[in-house]
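S.K.: In order, the protein sequence lines correspond to chains A and B.
In my numbering, each number is its position in the first sequence, counted from 1, plus 257.
In my numbering, each number is its position in the second sequence, counted from 1, plus 10.
Here's a structure for you.
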Amino acid sequence: MLLNQDDIIDSNGFEFVIQTLTENAPRVKWESAMVIGNTACLFPKLLKKASIQLLYNTGNASTVDRWSAAYALSEIILCKTRLNKELIPAIESNVKREKQNIIRKIYLHAP
Amino acid sequence: MTFLDVDYYIITPFIRMNFIILKPEPYLLFESKDAIFGSEKTREIEINEGKKYQLGAVNLIMTNPKQKKDTLASILNNNEIVRKEKTLQFSLFLIAGKLPLHDLIETAKTSNHVNKPTLIESLEYATKSRRYNR
Chain A
258 MLLNQDDIID
268 SNGFEFVIQT
278 LTENAPRVKW
288 ESAMVIGNTA
298 CLFPKLLKKA
308 SIQLLYNTGN
318 ASTVDRWSAA
328 YALSEIILCK
338 TRLNKELIPA
348 IESNVKREKQ
358 NIIRKIYLHA
368 P
Chain B
11 MTFLDVDYYI
21 ITPFIRMNFI
31 ILKPEPYLLF
41 ESKDAIFGSE
51 KTREIEINEG
61 KKYQLGAVNL
71 IMTNPKQKKD
81 TLASILNNNE
91 IVRKEKTLQF
101 SLFLIAGKLP
111 LHDLIETAKT
121 SNHVNKPTLI
131 ESLEYATKSR
141 RYNR
């Protein structure tokens, strides 16, 4: 998807939210993941960097952190990039490991 | 028809038209400093018009060209405005292009654990509204 002039976020903004995924404050983490989920298809070159951190966050104890990471990862899969070859097996193992039904449903939302 | 009647018919619509054109934006209703920092009178407005007051306060600061460069930070640190209203208004400003993304990011970098999520959440609201991935 091409970036329009009136788009709200640019690559600097996207990289900023990737960085904030590592912060300690839970709200920062989950809002950043949501931004990545909303805009993933705009920045295909930055998705690898984002998904590495998101996969790390899926191991967090907080349900909201895992939920938001799952949302972002499923949106990245929906972008249908080359990354899917590596990402889909990782997410399949996450689905098996995940105990919360609500989070499993989000993963299954992605084909 | 007397001279006064003519005057009335000619001038009144003109005044009315001007009134419509120059009708102040809602935020101008809260132009005084009291609206931001609180007084008995504005408390009444707050109780009666709750949300409108809050949005008015943010709008007033953001659209005032005389404000300092740290406007964004001053709104964030203003405890008179609730977090949700800040988030909503910042996202609207982002969509309208009134608030540059660069300013938001630079403020977020130096913000504390209370303000930083507010800024990122407003970015989330704004990006969600576009539905890029759909």
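C-beta: ideal position from N, C-alpha, C; glycine also.
Smallest Cα separation from W287 (chain A): which of A:I345, A:N341, A:Y328 and A:K342?
M.R.: Among A:I345, A:N341, A:Y328 and A:K342, the Cα nearest to that of W287 (chain A) is on A:Y328.
S.K.: Less than 8 angstroms between CB atoms is the rule here; does L98 (chain B) satisfy it with respect to chain A?
M.R.: No, L98 (chain B) does not count as interfacial toward chain A.
S.K.: Suppose contacts are defined by Cβ-Cβ distances below 8 angstroms. Is S308 (chain A) in contact with L335 (chain A) by that definition?
M.R.: Not closer than 8 angstroms, so no.
S.K.: Kindly indicate if chain B contains any beta-carbon less than 8 angstroms away from that of E288 (chain A).
M.R.: With 8 angstroms as the cut-off, E288 (chain A) counts as an interface residue toward chain B.
S.K.: Quick check: the Cα distance between I377 (chain A) and E90 (chain B), rounded to an integer number of angstroms?
M.R.: Examination of residue 377 (chain A) is not possible in this model, given that chain A is present from 258 through 368 alone.
S.K.: Does the beta carbon of S267 (chain A) sit closer than 8 angstroms to a beta carbon anywhere in chain B?
M.R.: According to the sequence as given, residue 267 (chain A) is Asp; it is not Ser. It does; some Cβ of chain B falls within 8 angstroms.
S.K.: Given that A282 (chain A) touches chain B, what residues does it touch there, using C-beta distances under 8 angstroms?
M.R.: By Cβ distance, chain B contributes H123, K126 and P127.
S.K.: Under 8 angstroms between beta-carbons, which chain A residues line up against I115 (chain B)? List them in chain order, please.
M.R.: Within 8 angstroms Cβ-Cβ: N269, G270 and F273.
S.K.: Determine the extent of the alpha helix (DSSP H) in which E112 (chain B) is found, giving its start and end residues.
M.R.: According to the sequence shown, residue 112 (chain B) is His rather than Glu. Looking at the DSSP string, the run of the alpha helix (DSSP H) that includes H112 (chain B) is L111 to K119.
S.K.: Apart from the five residues just before and just after W324 (chain A), which ones in its own chain have a Cβ nearer than 6 angstroms to its Cβ?
M.R.: Here the set comprises I360.
S.K.: Here's the rule: buried if 16 or more other CB atoms are within 10 angstroms of the residue's CB, otherwise exposed. What is A290 (chain A)?
M.R.: Buried.
S.K.: Once the 5 residues before and after R339 (chain A) are set aside, which same chain residues still bring their CB inside 7 angstroms of it?
M.R.: For R339 (chain A), where only same-chain residues beyond five positions count, there are no Cβ hits under 7 angstroms.
S.K.: Please report the distance separating the alpha-carbon of N317 (chain A) from that of Y364 (chain A).
M.R.: Rounded to the nearest angstrom, the two C-alpha atoms are 16 angstroms apart.
S.K.: Apart from the five residues just before and just after K305 (chain A), which ones in its own chain have a Cβ nearer than 7 angstroms to its Cβ?
M.R.: Only L340 meet the Cβ criterion.
S.K.: Please compile the residues from chain A whose C-beta is within a distance smaller than 7 angstroms of the C-beta of T137 (chain B).
M.R.: Near T137 (chain B) (Cβ distances below 7 angstroms), the residues of chain A are I265, I266, V292, N295 and T296.
S.K.: Which class does F271 (chain A) belong to by DSSP, given the choice of helix, strand or coil?
M.R.: It is helical.
S.K.: Report the neighbours of T277 (chain A) on chain B: residues whose CB is nearer than 7 angstroms to its CB, in chain order.
M.R.: Neighbours of T277 (chain A) on chain B, chain order: I130.
S.K.: Where does the unbroken alpha helix (DSSP H) through D264 (chain A) begin, and where does it stop?
M.R.: Taken as a continuous stretch (DSSP letters only), D264 (chain A) belongs to no alpha helix (DSSP H), as it is neither H nor E.
S.K.: Between V321 (chain A) and chain B, is any beta-carbon pair separated by less than 8 angstroms?
M.R.: It does not; no Cβ of chain B falls within 8 angstroms.
S.K.: Quick one: Cα of I31 (chain B) to Cα of L104 (chain B), how far?
M.R.: Because I31 (chain B) carries a pLDDT of 41, less than 50, the predicted location of this residue cannot be relied on, and no value is offered for it.
S.K.: Tell me, to the nearest whole angstrom, how far the beta carbon of T137 (chain B) is from that of T296 (chain A); I am working on the premise that it is less than 8 angstroms.
M.R.: Right, their Cβ atoms sit about 5 angstroms apart.
S.K.: Could you tell me which of A:N281, A:H366, A:P346 and A:I266 sits nearest to N314 (chain A), measuring between CA atoms?
M.R.: Nearest option by C-alpha distance: A:N281.
S.K.: Please tell me whether L303 (chain A) and S350 (chain A) are closer than 8 angstroms, where the distance is taken between their beta carbons.
M.R.: No, the Cβ-Cβ distance between L303 (chain A) and S350 (chain A) is not below 8 angstroms.
S.K.: Ends of the alpha helix (DSSP H) at P236 (chain A)?
M.R.: This structure leaves residue 236 (chain A) out entirely; chain A is present only between 258 and 368.
S.K.: Mind checking which residues open and close the alpha helix (DSSP H) that includes V352 (chain A)?
M.R.: Note, V352 (chain A): alpha helix (DSSP H), N341 to R354.
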